[in-house]
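Listed in order, the protein sequences are those of chains A and B.
Residue numbers for the first sequence follow this note's numbering, beginning at 128 and rising by one.
Residue numbers for the second sequence follow this note's numbering, beginning at 196 and rising by one.
Note that the Cβ used here is the ideal one computed from N, Cα and C, for glycine as well.
Everything below concerns the one structure shown next.
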Amino acid sequence: MTAGAGAPNADSTDSHGLAPCVTRGVAAARRSDRPARRAAGAARDGRIGRRKRRAVDAPRSLRRTPSRLPVPRTYRSAEFRAGFLEMLPACVGLVPFGLVCGVAAQVAGADALAAIGLATIIFSGAAQILALQLFAAGAPLAIVVLTCFVLGLRLLMYSAAMAPHLASLPPRWQRGLAFVLTDQAFAAAIRRFGATRDPREGARYFAGCGAALWITWQATNLGGYFAGNLIPAAWSLDFAVPLCFIALVAPLMRSVPNVTAALVAGLAVVGFGGLPMKLNLVVAGVLGIAAGTLAELAQERWKAR
Amino acid sequence: MEGALKLWAIILIVGALNYASRLSFIVFFSRRSMPPLLARALRFVPAAMLTALIVPMVLVPSGDVPGAAGPRVLAALVAAAAAFRTRSTLATLSVGMLALWAAGALAR
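Below you can see the structure in the form of C-alpha cells.
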C-alpha cells in the first residue's frame with residue numbers, strides 16, 4: 128500500500144470519527160480523539176487508523192440514542208447492570224412499603240397527580256407517610272415541613288459519607304446521584320465505592336441501584352394508590368424492609384468499631400424514643416458514629432502500645 | 196381546593212429540602228478536602244444509621260402476632276446470622292421471612 132492511498136483514508140477516518148462525537152458528548156470525543164491523532168501520524172498506513180477506529184466505535188444501537196452523560200455508555204456498563212440487579216431483592220422488600228405509601232396518599236385524600244408528586248419529588252417513604260399523616264390531621268404547613276426536614280437529617284450524613292467518593296465526578300453526576308441517595312441506595316453503593324478504586328465504577332453501580340429503586344417506588348406507590356393494599360397484613364411483608372437493612376449491616380459486624388457503633392446506635396434509638404419528630408434517629412446515628420470513631424482510635428492506641 | 200394547594204406546597208417544599216439535604220455535603224466537599232477525623236467518623240455511618248433504622252422496625256409489633264414483638268426479634272436475629280455468613284440480600288430476606296412465619300405460627 129502506498130502513502131498516497133493512505134492519506135485520504137486517514138482523512139475519512141477523521142471525519143467519520145468526529146461526526147458522531149458531536150452527539151455523543153465530551154468523553155466520547157476525548158476517546159475518539161486518540162485514534163484520529165494516531166491515524167494522522169501514521170498516515171503511511173491507512174489500515175491502522177481504520178482498525179483502531181472500529182475498535183473504539185460505539186455499537187450501532189448506541190449511536191442512535193445520543194447520550195449527553197459524561198461517563199460514556201452508562202446504561203450498558205456492567206456496573207450499572209450489577210447495581211440494578213443487586214438492588215432487585217431490596218426492591219422486593221420495598222414493595223409493601225411502597226404500597227403502604229400509596230394507600231396513605233389515597234386515605235389522606237390526595238388526588239392521583241399529588242400521589243405521583245409525592246413519590247417522584249419527595250422519593251422517601253418515611254417522609255411521605257409522615258407528611259401525609261400530618262396533612263390529614265390538619266397540621267400547619269410549617270410543622271409538616273419542619274418535621275419532615277428533621278426526619279431527613281440522616282440524609283445529611285449520607286451526603287457527607289458519599290462526598291469523598293463523588294468529589295472527582297462531574298457536577299452533573301453529583302446532582303443526579305444525589306437525587307437517588309436513599310437509605311437503600313446509600314448502603315449498597317457505599318459498599319461498592321469501598322471495594323473499587325475507580326469512582327466512576329462506583330457511580331455507575333450507584334446509578335443502577337437508584338434506577339431500580341426509583342422504578343419500583345413509582346410502580347408500587349401507584350399500585351397502592353389505585354388498588355389499595357393488595358398484600359394481606361398477616362404475611363407481614365413489611366418486615367422485608369428491616370431485613371434488607373440487616374443484610375447490609377450484619378456483614379459489617381466483623382470489626383470492633385463497627386459493632387460498637389451499631390450497639391450504641393441501637394440502644395440510643397430506643398433510649399431516646401421519647402424525643403419528638405423522630406429526632407431519636409439522628410441522635411442515635413450521631414452517637415453511634417462517635418462511639419465507632421472512639422472505639423477505632425482506642426483500638427489503634429492499644430495496638431501501637 | 197385549599198387542601199390540594201397545601202398538599203402541593205408540602206410536596207414541593209419537603210421535596211426541595213430533601214434534595215438539598217442529599218446534595219449538601221456532596222457539593223460542599225467536592226471543592227475542598229475533608230478533615231481526616233470527619234472522614235474517619237463517616238465510615239461508621241452505615242453501621243450506626245442503619246442499625247438506628249432497623250431496631251424500631253423490629254421492636255414494633257404488628258401483623259403476625261398482635262401485641263408481641265417476640266417473633267420479629269427472633270427472626271431478625273436469625274436473619275442477621277444468615278447475613279453475616281452469606282452477605283447476600285436474597286438469602287437474608289428468605290431466611291428472615293421464613294423465620295418470622297415459623298415463629299409466628301408457633302407463638303399463635
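**Message:** Between A:L406, A:V397, A:V227, A:G303, which has its C-alpha nearest P251 (chain B)'s C-alpha?
**Reply:** For P251 (chain B), the nearest C-alpha among the options comes from A:V397.
**Message:** At the level of alpha carbons, what is the spacing between T420 (chain A) and G412 (chain A)?
**Reply:** Roughly 12 Å separates the two Cα atoms.
**Asked** Since P241 (chain B) meets chain A, which of its residues come closer than 8 Å, beta carbon to beta carbon?
**Response** Neighbours of P241 (chain B) on chain A, chain order: A288, F313, A314, I317, R318, L375, V376, L379.
**Coil, strand or helix - I243 (chain A) by DSSP** = Secondary structure of I243 (chain A) (DSSP, three-state): helix.
**Message:** Between which two residues does the alpha helix (DSSP H) holding P230 (chain B) run?
**Reply:** For P230 (chain B), there is no enclosing alpha helix (DSSP H), as DSSP marks it with neither H nor E.
**Asked** Using a beta-carbon distance cut-off of less than 9 Å, what residues from the region 196 to 207 of chain B approach chain A?
**Response** Across the region 196 to 207 of chain B, CB contacts with chain A closer than 9 Å involve G198, A199, K201, L202, W203, A204, I205, I206, L207, in sequence order along the chain.
**Prompt:** Name the chain A residues whose beta carbon is nearer than 7 Å to that of V253 (chain B)?
**Reply:** Ordered by position in chain A, the residues that pass the 7 Å Cβ test against V253 (chain B) are P369.
**Request:** Indicate the three-state DSSP secondary structure (helix, strand or coil) for S225 (chain B) in the structure shown.
**Result:** Reduced to three states, the DSSP call for S225 (chain B) is helix.
**Request:** Measure from the C-beta of L349 (chain A) to each C-beta in chain B and report whether the shortest distance is under 8 Å.
**Result:** So no, L349 (chain A) is outside the interface.
**Request:** Flag S251 (chain A) as yes if its beta-carbon sits less than 8 Å from any beta-carbon of chain B, otherwise no.
**Result:** Closer than 8 Å: yes.
**Request:** Taking only the alpha-carbon atoms, compute the straight-line gap between G244 (chain A) and A388 (chain A) and give it to the nearest angstrom.
**Result:** Between G244 (chain A) and A388 (chain A), the C-alpha separation is close to 36 Å.
**Request:** Could you tell me whether the Cβ atoms of A374 (chain A) and T287 (chain B) are closer together than 8 Å?
**Result:** The answer is yes: Cβ separation under 8 Å.
**Item:** Nearest-angstrom beta carbon gap, R226 (chain B) and A305 (chain A) [assumed within contact, 8 Å]
**Value:** Not quite, the Cβ-Cβ distance comes to about 15 Å (not below 8 Å), so this is no contact.
**Asked** So, does the CB of V250 (chain B) fall closer than 8 Å to a CB anywhere in chain A?
**Response** Yes, V250 (chain B) lies at the interface with chain A (some Cβ there is under 8 Å from its Cβ).
**Prompt:** Taking the C-alpha atoms as reference points, what is the distance between G265 (chain A) and A209 (chain A)?
**Reply:** Approximately 44 Å, taken between the alpha carbons.
**Item:** C-beta neighbour in chain B for C275 (chain A), strict 8 Å
**Value:** By this cut-off, C275 (chain A) is an interface position.
**Request:** May I ask you to verify whether the region 335 to 349 of chain A touches the region 214 to 230 of chain A, counting CB pairs closer than 8 Å and requiring at least 3?
**Result:** Segments in contact, yes.
**Item:** Inter-residue spacing [alpha-carbon to alpha-carbon] between V273 (chain B) and R302 (chain A)
**Value:** Roughly 39 Å separates the two Cα atoms.
**Prompt:** Of all the options A:L212, A:E206, A:F224, A:G400, which has the alpha carbon lying nearest to the alpha carbon of L357 (chain A)?
**Reply:** Comparing Cα positions, the closest option is A:F224.
**Asked** According to the neighbour-count rule (16 or more other Cβ atoms, all chains shown, within 10 Å of its Cβ), is A300 (chain B) buried or exposed?
**Response** Classification for A300 (chain B): exposed.
**Request:** Please say whether E213 (chain A) and E328 (chain A) have beta carbons closer to each other than 8 Å?
**Result:** No; because the gap between Cβ atoms is not below 8 Å, this pair is not in contact.
**Request:** Within the same chain, show all residues whose beta-carbon is closer than 6 Å to that of R161 (chain A), passing over the 5 residues directly before and after it, in chain order.
**Result:** Confidence is the limiting factor: at R161 (chain A) the pLDDT is only 43, short of 50, which leaves the residue's position unreliable and the question unanswerable from this model.
**Request:** Using 10 angstroms around the beta-carbon of P359 (chain A), count the other beta-carbons present and answer buried if the total reaches 16, otherwise exposed.
**Result:** Answer is exposed; the Cβ neighbour count stays below 16.
**Request:** Let me know the secondary structure DSSP gives P251 (chain B) once reduced to three states.
**Result:** When secondary structure is reduced to three states using DSSP, P251 (chain B) falls in the helix class.
**Request:** Closer than 6 Å by C-beta to V222 (chain A): which residues in its own chain qualify, once you throw out the five before and the five after it? Chain order, please.
**Result:** So the list reads T347, once near-sequence residues are dropped.
**Item:** Cutoff 8 Å; reference G198 (chain B); Cβ partners in own chain excluding five residues on either side
**Value:** Around G198 (chain B): no qualifying Cβ.
**Item:** Cα-Cα separation between Y202 (chain A) and A302 (chain B), rounded to whole angstroms
**Value:** One C-alpha to the other measures close to 48 Å.
**Asked** In chain order, what residues of the same chain lie with their CB nearer than 6 Å to the CB of G400 (chain A), ignoring the 5 residues before and after it?
**Response** These residues qualify, in order along the chain: N407.
**Message:** If you follow the alpha helix (DSSP H) that A377 (chain A) is in, where does it begin and where does it stop?
**Reply:** Segment: none, A377 (chain A) is in no alpha helix (DSSP H) and carries neither H nor E.
**Prompt:** If you check the beta carbons only, do W300 (chain A) and A330 (chain A) fall under 8 Å apart?
**Reply:** A contact, by the Cβ cut-off of 8 Å.
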